[in-house]
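There are 2 protein chains.
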Amino acid sequence: MTPREQAVAARAAGHRLRALSTAQRGRLLRRVASTLEADAATILAANEQDLRRGEGVLSDALMARLHITIDKLESLADGIRTLSEMDEPIGRVLRRTELAEGLSLREITSPLGVLLVIFESRPDALPQVASLALRSGNGLILKGGSEAAETNRALHGLITAALRPDVPPEAIGLVETRAEVGDLLALDDVIDLVIPRGSNAMVRHIQDNTRIPVLGHADGICHVFVDASAEPEMAEAIVIDAKTDYPAACNAMETVLIHQSYPHGDALRDALRGAGVSLFEGPDVDFGTEYGELACSVRIVDDLDAAIAHIHRHGSGHTDAIVTADPVCAEAFLDRVDSACVFHNASTRFADGYRFGLGAEVGISTSRIHARGPVGVEGLLTTRWQLVGQGDTVAPFSAGARRFTHRALE
Amino acid sequence: MTPREQAVAARAAGHRLRALSTAQRGRLLRRVASTLEADAATILAANEQDLRRGEGVLSDALMARLHITIDKLESLADGIRTLSEMDEPIGRVLRRTELAEGLSLREITSPLGVLLVIFESRPDALPQVASLALRSGNGLILKGGSEAAETNRALHGLITAALRPDVPPEAIGLVETRAEVGDLLALDDVIDLVIPRGSNAMVRHIQDNTRIPVLGHADGICHVFVDASAEPEMAEAIVIDAKTDYPAACNAMETVLIHQSYPHGDALRDALRGAGVSLFEGPDVDFGTEYGELACSVRIVDDLDAAIAHIHRHGSGHTDAIVTADPVCAEAFLDRVDSACVFHNASTRFADGYRFGLGAEVGISTSRIHARGPVGVEGLLTTRWQLVGQGDTVAPFSAGARRFTHRALE
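This is the structure we're talking about:
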C-alpha cells in the first residue's frame, strides 16, 4: 500500500472502530492487553534482536530505553486495562441548548480521524499510543525508531491481530522509512494530527515540513523561581527534584531564578552542586539552553515582575514553578505566567499525564490551541454539533414570526 | 511601528486586558458600545467617503455590505452590551483534581494571546471582532478591506479611544496593506491564531502562507439528503430555505441528495426551479462546486450509505442535513456523518454562532482541531494547568513512599 492508501484505510477502519459499542471497544482493548502478556516470548525475542544489533552502536541510555522486559509488558498491559475501564470518551454531550421550541442542539465529542505518531527508540510507546487511538476511536499510523524495528514489528503484528474480527488491521498502520513519513506529512487532507515524540530537532523538522497540525513541543525550558519568602528546605527539595529526578525529561528544570532578597542562595547553589549539578551563572549564560543533563542556569532577579518577564522571554511555555510562602505572590505567579503548567510549591516534574491523573499521555503540548500541557485521550477528540428539528427553517426567524429561546438544557 | 512591534505591543496590552477585573472588562465593552452610538456621525461620514469611492466600481452586493446605517450601529451596540453581560469566560475552572494529599490541580480557561483577523469589505465585522477579543482577553490585530478603509479607520480610532485609561490602545491594532499582512503571517512566535473572514481564495491563500494556526473554512459545500420517508412539505421547505435564504452564505446548501425511493423528487425540483434555482444534474456535474448563488447540484442516491459516502467524498465537513421521518435513519445520519454540524429535519442555515446561542461568532471552523463549527468566545480561549502544593516533589512517589489519589474535586 502507498502511504496515501494506508492513511485512507486507517480512516475507514477508524469509522468501523467508532461504530463499535463501548463494551466492544473495551473488550478489544483487553485483548490488546492480554496479547502483550500471552505473547511476551515473541516480543522479547524480537527485542533481543534489536538489542544485539544495537550493542556497541547505541549509548547505554538508548540501550536502556530500547530494552523491553516482562515487567514492562505487564505494566503496559495494566495501563491498557485501566484505559479499557475509563468512561466512554466518544459521544459525550458537552452542551445541550434549546434553540427554539422543538429545535434542540447538542455538542458532542467525536474522534479526530487519523493520527500520525512518530516516536524514537522507546518501543513501549507503540502499545500505549495504539491503545489511546483505539480508546478515542481514531485511525492511527505509527512510525517507530529504526533501532527498534524488530520489536515494533512484533508489537504491531500482535496488536493488529487482536483487533480482529471487530476492526480491520488497517486501523493501526506501521511505516518504517523516513521517505514514507515524508509522504504522510503531505497528506493534510487525510491525516488530522501529527504527534512527534522525540528530540527537539525531530519535532522542529516535522513542524517545518507539514501543514497538518502538530501536537507536541520542541523545547522544555522550565523554570523554578525561588521567592524571597521561600522556605529554604522546601526550595532546595523542589529545585533538586526538578533538576535531578530525570534531567533528560522535558519537564526538568533548566533555570533557577533566585529573588535578590532570598537569604539562602549560596546554600541552594551548594545543594545543587552537591547533587552533581553544574551551574551556569553570569552575563554570558544563554538562558534559552535546554541542558537535558545535570546542569542548569542560575539568575538573580530583582522581584516577581522580573522573574515573570524572564520566563516569558526565555521560557518555552511548558512548566514553570514558584516556591514562596507569600500567598499574594503565589497567586500573582499562577495568574500571570502564561505557560501550559504553572505550579506553586511543587516540582516541575509533576507536569505529566499520568501524574495529572489523565490515565495516559500522548505527549505534552506547548501549542496554545486545541490541547495544552499533558495530553490524554481528550486531546485526541474533537467535537460535532447535532441539531434536531421538526422541519425548521430560518426564514420565519428572520421575518420575526418565530423567536430563538437559547435555553440551556440540563 | 513595524508589524512585529505592533504584534508584541498587542500581546503586552493583552496581558493588561486580562489583568482587569470582570467588572472592568464589562465597563470597557459598554464604553465601546456607547461610542458606536454617540459618535455615529463620525462613522457615517467616514462610511460616506468609502461609499462614494466605491460607486460605479463595486457591485451592488458589495456596496450593500459596505454600507453602515444608524440601525446597524445600534444593533452592533446591542450585541456588544449582551457580550458585556455574559459570564466571565476567562479563568473558568474546567476541572479540579486532588493529585495526592495536599497537592491540587486545576485546569482553567485562559486567553490565547494575540489574534490576527483579516476580513473583507464588511466593516461591521470590526467592532464585533474587537469586542470578542476584549471579552476573551486577547490582543488583536485587524486587517480590513481597502474598500472600507475610511470606515475601518474611524471605527478603530473610536474603539481604541474607548479602551483608555484601562488598556493601552495597542491592544487592538489595525493594518491596511497586504504587505503588512504578509509580515504578520510570518510572526508565528507572537501571533497565536489567524482568523480569515472572506472569500475561499483569500482563506486558502492565508492557509498556504503561514505556520500560525488558521481558524476558518475555505469551502462550504453543504448537503441536504432527502430520505425516502421524508415528508414532502418538510423536504421542500428545508431545501428551499437552505438554498435560497442567503445563497452566498457558507452554510447554504450546494447539493441536494434524493433517495431513489423518495416519491416526490419531481415536485421538489419544480419547487426549487420555482424559487429561481438552477439545477445541475447528471454525469457531468462537479459535486465539489460551491455555487454561492441560486443554483445547486442534484443527485439521486441508492440509500443512506450512498448519501453518507457522497457527503464524505464531496463535502467540506461544514454542515449536512437529513430530512427523514425514520428515527433510525436520522440517528445513523447524525452519528455517522463526520461534519462540524449535522442536522435532522432542520435547514443548514441554522449553522451560525448567533443562531446556536453562542452570543457572537468569529467564524465557522471546518478544522477538526481546537474549535469546530460556529466559533464564539470559547474558541478564542485556551487552557492552563495550575498546581498548588506544599513543597511536593516526585521522588517520594517514585520511591513508593507517597501515592497519587487522583480524586476529582467538586
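Chain order of the listed sequences is A and B. If you're matching positions, the first sequence starts at 0 in numbering that gives the first Met the number 0 and goes up one per residue. If you're matching positions, the second sequence starts at 0 in numbering that gives the first Met the number 0 and goes up one per residue. A virtual CB, placed ideally from N, CA and C, is assigned to each residue, including glycine.
Leu157(A) and Val31(A) have their C-alpha atoms some 8 Å from each other. Listed as beta-bridge partners of Thr81(A) by DSSP are no residues whatsoever. Scanning Ala339(A), Thr365(A), Thr21(A), Glu292(A) for the CA closest to the CA of Ala60(A) turns up Glu292(A). In the DSSP assignment, Ala37(B) falls within the alpha helix (DSSP H) that extends over 21-37.
By the Cβ-count criterion, Ile171(A) is buried, with 16 or more other Cβ atoms from all chains shown falling within 10 Å of its own Cβ.
The beta carbon of Val116(A) lies closer than 6 Å to those of Val128, Leu141, Ile194 in the same chain, with the five residues before and after it left out. In this structure, Leu65(A) sits away from Ser130(A), with a CB-CB distance that is not shorter than 9 Å. For Pro110(A), the uninterrupted beta strand (DSSP E) segment begins and ends at 102-110.
Separation of the CB atoms of Gly101(A) and Gly13(A) is rounded to 34 Å, and the pair is thereby denied contact status at 8 Å. Within the stretch 276-322 of chain A, the complete beta strand (DSSP E) runs of at least 3 residues fall at 277-280, 294-300, 318-322. Positions of the beta strand (DSSP E) runs, each at least 3 residues long and wholly inside the stretch 173-252 of chain A, are given as 192-196, 221-225 in order along the chain.
Comparing alpha carbon positions, the residue from Asp77(A), Val174(A), Gly215(A), Leu57(A) closest to Glu146(A) is Leu57(A). Leaving aside the five residues that flank Ile107(B) on each side, the residues in its chain whose CB is nearer than 7 Å to its CB run, in chain order, Gly90, Arg91, Val92, Leu93, Thr382, Arg383, Gln385.
The criterion of a C-beta distance shorter than 9 Å is not satisfied by Val322(B) and Ala251(B). Interface flag for Leu16(A) against chain B is unset, since no Cβ pair is found closer than 9 Å.
At a cut-off of 9 Å between C-beta atoms, Thr381(A) counts as an interface residue with respect to chain B. Here Ile69(B) is exposed: its Cβ has fewer than 16 other Cβ atoms, across all protein chains shown, within 10 Å. When 7 Å is used as the limit between beta carbons, Thr108(B) is near no residue of chain A, the shortest such separation being about 11 Å. With fewer than 16 other beta carbons inside 10 angstroms of its own, Ser397(A) counts as exposed. The beta carbon of Val322(B) sits closer than 9 Å to some beta carbon of chain A.
Listed along the chain, the chain B residues whose CB falls inside 9 Å of the CB of Pro212(A) are Pro212, Ser366, Arg367, Ile368, His369. DSSP, read as helix, strand or coil, puts Glu54(B) in coil. Between Ala339(A) and Ile310(A), the C-beta gap is not smaller than 9 Å, which leaves the two residues out of contact. In this structure Ala270(A) touches Glu235(A) by the C-beta definition: roughly 5 Å separates them, less than 8 Å.
In chain order, Ile89, Pro110, Gly136 place their CB closer than 7 Å to the CB of Arg17(B), counting only its own chain and leaving out the 5 sequence neighbours on each side.
Note on Asp337(B): 16 or more other CB atoms within 10 angstroms of its CB, so buried under the neighbour-count rule. Ala370(B) and Leu133(B) have their alpha carbons spaced roughly 19 Å apart.
For Cys328(A), no chain B residue has a Cβ inside 8 Å of its Cβ, as the nearest lies near 13 Å away. Interface criterion met: the Cβ of Met233(B) is under 9 Å from a Cβ in chain A. Under the DSSP assignment, Gly13(B) falls in the alpha helix (DSSP H) whose first and last residues are 2-18. Contact with chain A is found for Pro373(B), since one of that chain's Cβ atoms lies less than 9 Å from the residue's Cβ.
For Ala331(B), same chain residues with a beta-carbon under 7 Å away, outside a window of 5 residues either side, are Leu303 in chain order. Residue range 326-335 is occupied by the alpha helix (DSSP H) that includes Phe332(A). Nearest C-alpha to Ala9(B) among Leu162(B), Gln48(B), Thr41(B), Arg152(B): Leu162(B).
Against Thr392(B), the close residues of chain A are Ala236, Ile237, Asp240, Ser346, in the order they occur along the chain (beta-carbon pairs closer than 7 Å). Only Leu111, Gly112 from the stretch 106-139 of chain A bring a Cβ to less than 7 Å from some Cβ of chain B.
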